[in-house]
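Student: Got a structure for you, questions after.
2 protein chains.
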Amino acid sequence: MAKKKKIKIVALAGGVGGAKLAHGLAMVVPRKDLTVIVNTGDDFEHFGLSISPDLDTVCYTLAGLANPETGWGRVDESWHAFEQIEKLGGPSWFRLGDKDLATHLERTRLLQSGEPLHKITAGFCGAWGIKARVLPMTNQRVATIVDTDEGELDFQEYFVARHCQPKVKGFRFEGIENAAPAPGMLKAIQAADAVVICPSNPWVSIDPILNIPGVRAAVASRKVIAVSPIIGGEALKGPAAKMYRELGIRPSVEAVSKHYGDLLDGFVIDELDHELTKFLPHKILVTDTIMVDSAARHRLAEELIPFIEKM
Amino acid sequence: MAKKKKIKIVALAGGVGGAKLAHGLAMVVPRKDLTVIVNTGDDFEHFGLSISPDLDTVCYTLAGLANPETGWGRVDESWHAFEQIEKLGGPSWFRLGDKDLATHLERTRLLQSGEPLHKITAGFCGAWGIKARVLPMTNQRVATIVDTDEGELDFQEYFVARHCQPKVKGFRFEGIENAAPAPGMLKAIQAADAVVICPSNPWVSIDPILNIPGVRAAVASRKVIAVSPIIGGEALKGPAAKMYRELGIRPSVEAVSKHYGDLLDGFVIDELDHELTKFLPHKILVTDTIMVDSAARHRLAEELIPFIEKM
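Chain order of the listed sequences is A and B. Going by our numbering, the first residue of the first sequence is number 1, and it counts up by one from there. Going by our numbering, the first residue of the second sequence is number 312, and it counts up by one from there.
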């Protein structure tokens with residue numbers, strides 16, 4: 001591995017796409033200089049357990065424990081508990097692997113004992129050998145609510161149970177006005193050489209983080225680059241493109257660029273979109289942004305560093 | 312299997328010993344004529360889950376799903392979740408198997424959705440192919456508290472975490488004054504030809520059931536027989552003998568006989584104690600009460616029927 005770059009990075013991440021770039025950055029930036037701030041608007045309670053899907057995806061990915069095929073859950077997973085839940089007639093819309101269950105069980109136990117989520121996450125990262133700092137966006141409960149043509153839906157109901165089928169009309173982040181950034185988060189942003197907005201869903205992965213009181217202003221004070229989650233008018237994974245369409249916006253790198261607006265100093269788009277460079281107001285890096293494997297994550301992260309440094 | 316006897320039985324049961332005799336009775340009595348009322352004083356919350364150890368032991372045993380070696384938990388169990396909990400530094404004093412976890416997860420989900428425990432239990436029995444009726448002693452929360460020389464301990468802390476080491480000074484059943492018998496329970500007792508008190512711990516398995524308001528009187532109105540959990544001055548399993556000693560009572564069939572007192576019409580003791588028959592005020596059946604295998608459960612249950620009928 002090449003010598004690590006001396007540059008302090010804060011990455012904002014949702015689930016799969018964010019986790020991949022965070023993993024790339026962890027290979028390139030000294031781990032103590034990398035803070036990954038993760039969306040918790042998707043968090044929910046199921047079977048009495050506190051589940052944090054994006055936090056888990058980021059941590060499993062950084063720890064090398066993620067299932068590379070699904071993008072969520074753990075590799076070498078078994079499903080004994082889940083099979084028995086199905087035998088009992090329990091709900092099967094959210095799949096829970098045996099190993100993954102341990103994360104939810106222990107997180108729930110610690111939350112109920114009064115430990116804040118950022119400390120729980122730090123403890124898990126220690127146990128899993130993760131050296132980068134992973135922070136939930138807040139220790140308070142913020143719930144992403146999707147307003148649809150069928151009414152308001154909790155995020156997991158929209159995303160997992162309903163497979164993103166209802167038409168989106170808007171979003172709100174319940175509880176966000178009373179949420180505080182996780183301890184250490186604003187300081188990490190203020191100390192960062194750059195904030196990298198990972199290729200996660202702008203509406204439901206990044207916007208919740210930016211809307212925590214105080215976060216957008218702190219991010220705006222830094223060099224900010226985003227990697228577009230939209231490539232050739234589509235999202236690699238997830239409903240981002242569908243959401244743009246349903247909200248009356250043509251999904252494109254331009255749409256993402258407008259979404260983040262003034263916040264951005266630089267914008268990273270895929271080679272597929274190279275012709276659109278002229279329509280974008282920011283400094284642009286055109287490269288292969290599809291992180292098909294671990295080497296691709298590494299390469300993309302490595303290209304970001306000089307792009308940031310030259311800015 | 313011999314033709315089933317036309318006799319309505321209500322069995323009062325705790326964990327392992329009670330589960331074994333209940334299983335024997337289920338082989339002998341038409342299943343719709345057998346109601347097993349199970350102690351829930353040991354129930355507790357762990358990792359946010361509602362755990363009912365005695366209910367699960369009885370149900371797993373009746374369904375043929377129990378682990379014959381441990382007496383608790385499920386056969387063909389795996390421990391993937393539990394191993395990961397240990398890796399995260401979580402508490403390991405209460406072992407949770409993957410399949411067993413499904414029971415706690417789905418029970419917790421249903422309780423949180425407002426379904427009462429007796430209905431949840433009936434649903435699980437249906438899914439597991441159990442034909443006998445299994446009832447929790449109550450749908451309300453009753454907590455067995457053990458008063459010890461180290462102060463009051465929650466039952467599972469005393470029993471599992473502390474391995475019954477603290478010296479017992481007494482017991483109380485928190486919440487019992489406001490607990491109601493599970494729906495259908497008093498009716499089942501009133502319609503029973505006999506109530507069989509299984510060889511479970513009198514202090515912490517049977518007393519909680521009998522102390523639910525209205526239950527002792529209903530039981531007393533029926534023919535009642537008990538099978539002694541004390542054999543040759545010791546308990547086959549669990550702390551019953553130790554508890555008697557610490558409370559200043561020599562553990563023996565006489566002690567159990569006095570414990571239940573007037574409630575009993577008949578008493579079943581092991582051959583090992585045959586010489587003590589003359590000291591006991593009730594009708595006595597002396598037989599092999601050690602249920603080493605499924606055949607022994609069957610045989611003991613089959614011997615109980617004529618003993619009850621002749622009474």
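Built from N, CA and C at the ideal position, the CB exists for glycine as well.
1. Give the residues of chain B in contact with Thr108 (chain A), contact being defined as C-beta atoms less than 9 Å apart.
2. So, at 7 Å on beta carbons, what are the nonlocal neighbours of Leu416 (chain B) in its own chain, with the 5 sequence-adjacent residues on each side left out?
3. Just how far apart, CA to CA, sit Val215 (chain A) and Ala377 (chain B)?
4. Excluding sequence positions up to five away, which residues of its chain have a Cβ less than 6 Å from the Cβ of Val195 (chain A)?
5. Closest to Tyr555 (chain B) by CA distance: which of B:Cys509, B:Leu574, B:Val479, B:Ser363 is it?
6. Is the Cβ of Gly64 (chain A) closer than 8 Å to any Cβ of chain B?
7. Curious, which full-length alpha helix (DSSP H) runs of at least 4 residues does the region 173 to 237 of chain A contain?
8. For the beta strand (DSSP E) holding Phe578 (chain B), just list the boundary residues, first then last.
9. Rounding to the nearest angstrom, what Cα-Cα distance links Phe82 (chain A) and Lys410 (chain B) in this structure?
10. Check this for me: beta carbons of Ala182 (chain A) and Pro136 (chain A), under 8 Å apart or not?
11. Below 9 Å on C-beta distance, what does Lys99 (chain A) contact in chain B?
12. Of the choices A:Pro68, A:Ala192, A:Gly261, whose alpha-carbon is the least far from that of Arg133 (chain A)?
13. By alpha-carbon positions, which one of A:Val36, A:Gln84, A:Phe94 ends up nearest to His118 (chain A)?
14. When you check each C-beta in the region 151 to 169 of chain A against every C-beta of chain E, which residues fall closer than 8 Å?
15. Taking 8 Å as the threshold (beta carbon to beta carbon), is Val94 (chain A) in contact with chain B?
16. What's the C-alpha gap between Gly543 (chain B) and Leu110 (chain A)?
17. Looking at the C-beta of Ala102 (chain A), does it have a partner C-beta in chain B at a distance below 8 Å?
18. So, is the C-beta of Gln451 (chain B) closer than 8 Å to a C-beta in chain A?
19. Please confirm whether Val597 (chain B) and Thr588 (chain B) have their CB atoms less than 8 Å apart.
20. Closest Cβ-Cβ distance between Leu366 (chain B) and chain A: below 8 Å?
21. Skipping 5 residues on each side, what residues in its chain have a beta carbon closer than 7 Å to that of Pro427 (chain B)?
22. What are the start and end residues of the beta strand (DSSP E) that includes Val471 (chain B)?
23. In chain A, which residues lie less than 8 Å from Gly384 (chain B) when you measure between Cβ atoms?
24. Looking at Tyr469 (chain B) and Val457 (chain B), is the spacing between their C-beta atoms short of 8 Å?
25. Which residues in the same chain have their Cβ closer than 6 Å to the Cβ of Ile284 (chain A), if we skip the five residues on either side of it in sequence?
26. Taking 8 Å as the CB-CB cut-off, is Ala438 (chain B) touching chain A?
27. Looking only at its own chain, which residues have a Cβ that is under 7 Å from the Cβ of Met312 (chain B), when we skip the five neighbours before and after it?
28. Kindly indicate if chain B contains any beta-carbon less than 8 Å away from that of Lys87 (chain A).
29. What first and last residue would you give for the beta strand (DSSP E) that runs through Phe44 (chain A)?
30. Below 8 Å CB to CB, which residues in the same chain sit around Asp460 (chain B) once its five sequence neighbours on both sides are set aside?
31. Please list the terminal residues of the continuous beta strand (DSSP E) segment that includes Lys343 (chain B).
32. Only counting runs of 4 or more residues, tell me where the alpha helix (DSSP H) segments fall wholly within the region 410 to 456 of chain B, in order along the chain.
33. Quick check on the burial criterion: 16 or more other C-beta atoms within 10 angstroms. Buried or exposed for Ser568 (chain B)?
34. In whole angstroms, what separates the C-alpha of Cys436 (chain B) from that of Gly328 (chain B)?
35. Per DSSP, what kind of secondary structure is Met1 (chain A) in: helix, strand or coil?
36. Figure out for me which residue from B:Phe358, B:Lys317, B:Ile517, B:Gly434 has the closest Cα to the Cα of Val349 (chain B).
Tutor: Reading off the structure:
1. Phe358, Gly359, Leu360
2. Leu360
3. 53 Å
4. Val10, Val219, Arg222, Val224
5. B:Val479
6. no
7. 185 to 191, 207 to 210, 215 to 220
8. 577 to 581
9. 8 Å
10. yes
11. His391, Ala392, Glu394, Gln395
12. A:Ala192
13. A:Val36
14. In summary, chain E is missing from the structure at hand, where the protein chains are A and B.
15. Val is not the amino acid found at residue 94 (chain A); the sequence shown has Phe there. By this cut-off, Phe94 (chain A) is not an interface position.
16. 45 Å
17. yes
18. no
19. yes
20. no
21. Asn450
22. Run containing Val471 (chain B): none; DSSP gives neither H nor E here.
23. Those within 8 Å of Gly384 (chain B) in chain A number zero; the least Cβ separation is about 13 Å.
24. yes
25. Phe267, Thr277
26. yes
27. Model confidence at Met312 (chain B) stands at a pLDDT of 49, short of 50, so the residue's coordinates are unreliable; what they give is reported in the following sentence. So the list reads Met338, once near-sequence residues are dropped.
28. yes
29. 44 to 46
30. Pro477, Lys478, Lys480
31. It is not in any beta strand (DSSP E) - Lys343 (chain B) carries neither H nor E in the DSSP assignment.
32. 428 to 439
33. buried
34. 19 Å
35. Residue confidence is low: Met1 (chain A) scores 49 on pLDDT, short of 50, so the model does not pin down where it sits. Its coordinate-derived value is still stated next. Here Met1 (chain A) sits in coil by DSSP.
36. B:Ile517
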